[in-house]
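Just so we're aligned, residue 14 is where the sequence shown starts under the numbering used here, counting upward by one. What follows is a set of notes on a single structure, which appears directly below.
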Amino acid sequence: IQFLDEPTSVLESFTAHHLIVTMSELAKSGRTVILTIHQPRSDIFELFDLMTILSDGNVVYAGQASAMIEYFTTIGYPCPPLTNPCDFYIDLTTIDHRHRENEAVSRERVAKLLTCFREAISGVSTGMHSSTKSSLATSVDSESDRNSRNSTR
């Protein structure tokens, strides 16, 4: 298992991309690679298999990276054209503390995102494509399996 905390933070774009390509190749060869990343470029995002987005310590998305855009689109938050999906969805799920009004609006939005994600993983109909639901369920089921294995050790 490889745990990497922001491995691309001090790297220029070319080297950051090639580092993530290497990590992706390791993952495809059967190794487990878990990393946190700050502001990934869109070409780096395309290399991710699974994506988890947290907001204020709560999961607002966990599933296939390739299904993330469709998931958020089906719940009313499409990624604008020519926009990096990671930047857009991280901004969407961030609590804005600059002013009380901004904070209230962003907390309300994040509460809606949390509700939508919880409904999606519990099977409540959200209008999303069945492959996206499957992606979310597989991701959550895998995490539950890992947690139960870890709790029995």
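All C-beta atoms in this analysis are idealised placements derived from N, C-alpha and C, irrespective of residue type, glycine included.
Distance, residue j Cα to residue i Cα
| i | j | result |
| --- | --- | --- |
| proline 53 | cysteine 99 | 7 Å |
| asparagine 232 | glutamate 19 | The displayed coordinates of the chain run from 14 to 166. Any statement about residue 232 would go beyond what the structure contains. |
| threonine 139 | alanine 117 | Low confidence applies to threonine 139: its pLDDT is 49, below 50, so where it sits in the model is not reliable enough to give any reading. |
| asparagine 71 | threonine 65 | 10 Å |
| leucine 105 | threonine 49 | 18 Å |
| glutamate 121 | threonine 128 | 11 Å |
| isoleucine 134 | isoleucine 47 | 22 Å |
| histidine 110 | glutamate 59 | 30 Å |
| glutamate 38 | leucine 17 | 15 Å |
| serine 68 | asparagine 115 | 15 Å |
| glutamate 25 | leucine 32 | 11 Å |
| aspartate 56 | arginine 44 | 22 Å |
| serine 119 | leucine 126 | 10 Å |
| valine 23 | histidine 30 | 12 Å |
| glycine 76 | leucine 63 | 5 Å |
| glutamine 15 | cysteine 92 | 31 Å |
| glycine 136 | threonine 87 | 15 Å |
| glutamate 83 | arginine 113 | 31 Å |
| isoleucine 108 | histidine 51 | 16 Å |
| alanine 78 | valine 123 | 19 Å |
| serine 42 | proline 94 | 33 Å |
Local conformation of residue i per DSSP, three classes
| i | result |
| --- | --- |
| tyrosine 7 | There is simply no residue 7 to check, as the chain begins at 14 and stops at 166 in what is shown. |
| valine 171 | The requested residue 171 does not occur in the structure, where the chain is confined to residues 14 to 166. |
| glutamine 15 | strand |
Cβ separation of residue i and residue j, assumed to be a contact under 8 Å, to the nearest whole Å
| i | j | result |
| --- | --- | --- |
| tyrosine 74 | methionine 81 | 6 Å |
| tyrosine 102 | phenylalanine 85 | 6 Å |
What are the start and end residues of each continuous beta strand (DSSP E) run of 3 or more residues lying completely inside the segment 29-113, in chain order?
List check, beta strand (DSSP E) in window: 46-49, 63-68, 71-77.
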